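So the sequence shown is numbered by my numbering: it starts at 2 and just counts up by one.
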Amino acid sequence: MVFYFSGTGNSQLAAIQIAEAIGDEVVSINYYLKEGKKAVFRSEKPLVFVVPTYSWRIPKVAEQWIRQADFQGCQDTYFVLTCGGSIGNAAVYAKRLCTAKGLRFRGVAGVPMPENYLALNPTPDEAECQAIVSAARPHLDGLAKLIAVGEPFPVQQVSFADKVKSGPINPLFYALYVHDKGFSTSSACTSCGKCAQRCPLNNIDLAGGKPVWKGTCTHCMACIGGCPAEAIEYKNVSKGRHRHYLMDDSRCQKDEGQRL
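1) Would you kindly check if the distance between the Cβ of Gln73 and the Cβ of Val41 is under 8 Å?
2) Tell me the rounded alpha-carbon separation between Phe80 and Pro115.
3) Check whether the stretch 236-252 touches the stretch 126-135, taking contact to mean three or more Cβ pairs, one atom from each stretch, closer than 8 Å.
4) Going along the chain, which residues of its own chain have a beta-carbon closer than 7 Å to the beta-carbon of Pro139, five neighbours each way excluded?
5) On a CA-only basis, which of Ile19, Glu36, Gly10 and Ser56 is nearest Lys164? Give me that one, please.
6) Report the three-state DSSP secondary structure of Leu82 (helix, strand or coil).
7) For the alpha helix (DSSP H) holding Ser135, just list the boundary residues, first then last.
8) Three-state secondary structure (DSSP) at Gln76?
9) Might you give, ordered along the chain, the residues of its own chain that have their beta carbon closer than 6 Å to the beta carbon of Pro201, omitting 5 neighbours on each side?
10) If you draw a straight line from the alpha carbon of Ile1 to that of Phe184, how long is it in whole angstroms?
11) Evaluate Gln158 with the Cβ neighbour count: other Cβ atoms within 10 Å of its Cβ, from every protein chain shown; 16 or more gives buried, anything less gives exposed.
12) Excluding sequence positions up to five away, which residues of its chain have a Cβ less than 7 Å from the Cβ of Ile17?
13) What residue range is occupied by the uninterrupted beta strand (DSSP E) comprising Lys211?
14) How would you call Asp142, buried or exposed, if buried means at least 16 neighbouring beta carbons within 10 angstroms?
15) For Glu64, which three-state DSSP category applies?
16) Report buried or exposed for Leu261, applying the criterion of at least 16 other Cβ atoms within 10 angstroms of its Cβ.
17) Check for me: the alpha helix (DSSP H) holding Arg199 runs from which residue to which?
18) Which residue from Asn237, Ser187 and Ala176 puts its Cα closest to that of Thr219?
19) If you count every other CB in all the chains shown that lies within 10 Å of the CB of Val49, and 16 or more means buried, which is it?
20) Starting from Ser12, trace the alpha helix (DSSP H) in both directions and tell me its first and last residue.
21) With a CB to CB cut of under 6 Å and the five nearest residues on each side skipped, what residues in its chain are close to Leu14?
22) For Lys2 versus Lys46, is the C-beta spacing smaller than 8 Å?
23) Could you pull out every residue in the same chain whose Cβ sits closer than 6 Å to the Cβ of Phe174, ignoring the five residues on either side in sequence?
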């Protein structure tokens, strides 16, 4: 069973490709977060969690969801982290999560995908995004083959810098950057409401036809990346940056998974 959490579609795309390659089903964590639903999942195949990399680790919101969910059947667990560059020392924290849940850790693999973090980093243009996605596909196929035969992902070498990034820097990142005070809308806003519909944490309401952020943002970039009018900005940082959005919104509603 392949689970994904995704803001702009990188991890969703990766999850779908892996699931198709191993003949398994896809489950949207976004759906369960948005609906506030808890479920028991049973899978006779390995559990595969495909999520973005937030400050060199699994996103807190995805980790909390995994801790609260109930997984029955096969306990072999793989993590695929889409990233703009490095996943740091994410494997240590994923392994700890598995230990806490009684799951069998089978490794973490980072897969470079187009940078989408408009609130902090420069983003590639459309042509570069397409090239990065194309380059990622063979890597995803290779990971799917390992999962299919039950082989662990290769262990990656971790530097001291990686340990610092995933260790003390991670909580500092959340404290300093992960909030919604910087989001605003321009006159280009058409009041379509897609930002509110796509927010996995229900952190956006419409007031007078305009989005209002309510303080529980996880910086997934679904709102700013997916705005069809490009009317959402984050401070002055995001202005002029390419919006990378691959998300198939309909799948976030359909991919509910197998529940007992």
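Glycine residues also receive a C-beta, built at the ideal position from the N, C-alpha and C atoms.
If you're wondering where the values come from, they're calculated on a predicted model, not measured in any experiment.
With the given structure in hand:
1) Indexing the sequence shown from 1 puts residue 41 at position 40. Indexing the sequence shown from 1 puts residue 73 at position 72. Yes, the Cβ-Cβ distance between Val41 and Gln73 is below 8 Å.
2) Here residue 80 corresponds to residue number 79 of the sequence shown, with the count starting at 1. Here residue 115 corresponds to residue number 114 of the sequence shown, with the count starting at 1. Looking at the two C-alpha atoms, the distance is approximately 19 Å.
3) Yes, the stretch 236-252 touches the stretch 126-135.
4) For the purposes of this step, residue 139 is taken as residue 138 along the sequence shown, with counting starting at 1. So no residue of the chain qualifies.
5) Within the sequence shown, the letter at position 163 stands for residue 164. Considering only alpha carbons, the answer is Ser56.
6) Locating residue 82 in the sequence shown gives position 81, where the first residue counts as 1. If DSSP states are grouped into helix, strand and coil, Leu82 belongs with the strands.
7) For the purposes of this step, residue 135 is taken as the residue at position 134 of the sequence shown. Residues Glu127 to Val150.
8) Here the question's residue 76 lines up with position 75 in the sequence shown. Residue state, collapsed to three classes: coil.
9) Counting from 1 along the sequence shown, the entry for residue 201 is found at position 200. Hits under 6 Å: Asn31, Leu34 and Lys35.
10) Not covered by the structure: residue 1. The range shown for the chain is 2 to 261.
11) Residue mapping note: residue 158 aligns to position 157 of the sequence shown, counting from 1. The residue in question, Gln158, is exposed, as its Cβ has fewer than 16 Cβ neighbours within 10 Å.
12) As a position in the sequence shown, residue 17 is number 16, starting the count at 1. Cβ within range, chain order: Val27.
13) Position 210 of the sequence shown, counted from the start, is the residue given in the question as residue 211. Taken as a continuous stretch (DSSP letters only), the beta strand (DSSP E) holding Lys211 covers Lys211 to Trp214.
14) In the sequence shown, counting from the first residue as 1, residue 142 sits at position 141. The C-beta of Asp142 has fewer than 16 other C-beta atoms within 10 Å across all chains shown, which makes the residue exposed.
15) As a position in the sequence shown, residue 64 is number 63, starting the count at 1. It is helical.
16) If you number the sequence shown from 1, residue 261 lands on position 260. Confidence at Leu261 is low in this model, with a pLDDT of 42, below 50, so the placement of that residue should be treated as unreliable; the coordinate-derived value is given next. By the neighbour-count criterion, in which a residue is buried when 16 or more other Cβ atoms sit within 10 angstroms of its Cβ, Leu261 is exposed.
17) Here residue 199 refers to the residue found at position 198 when the sequence shown is read from its first residue. Counting along the chain, the alpha helix (DSSP H) containing Arg199 begins and ends at Lys195 to Arg199.
18) For the purposes of this step, residue 219 is identified with residue 218 of the sequence shown, where counting begins at 1. Taking only the C-alpha atoms, the option nearest Thr219 is Ala176.
19) Counting from one through the sequence shown, the residue named residue 49 turns up at place 48. With 16 or more Cβ atoms within 10 Å of its Cβ, Val49 is classed as buried.
20) Taking the first residue of the sequence shown as 1, we reach residue 12 at position 11. Its alpha helix (DSSP H) spans residues Asn11 to Ile23.
21) The sequence position of residue 14 within the sequence shown is 13, counting from 1. The answer, listed in chain order, is Leu247.
22) For this step, residue 2 is matched to residue 1 along the sequence shown. For this step, residue 46 is matched to residue 45 along the sequence shown. The displayed chain sequence assigns Met, not Lys, to residue 2. The answer is yes: Cβ separation under 8 Å.
23) Position 173 of the sequence shown, counted from the start, is the residue given in the question as residue 174. Counting only Cβ-Cβ distances below 6 Å, and skipping sequence neighbours, we find Ser56.
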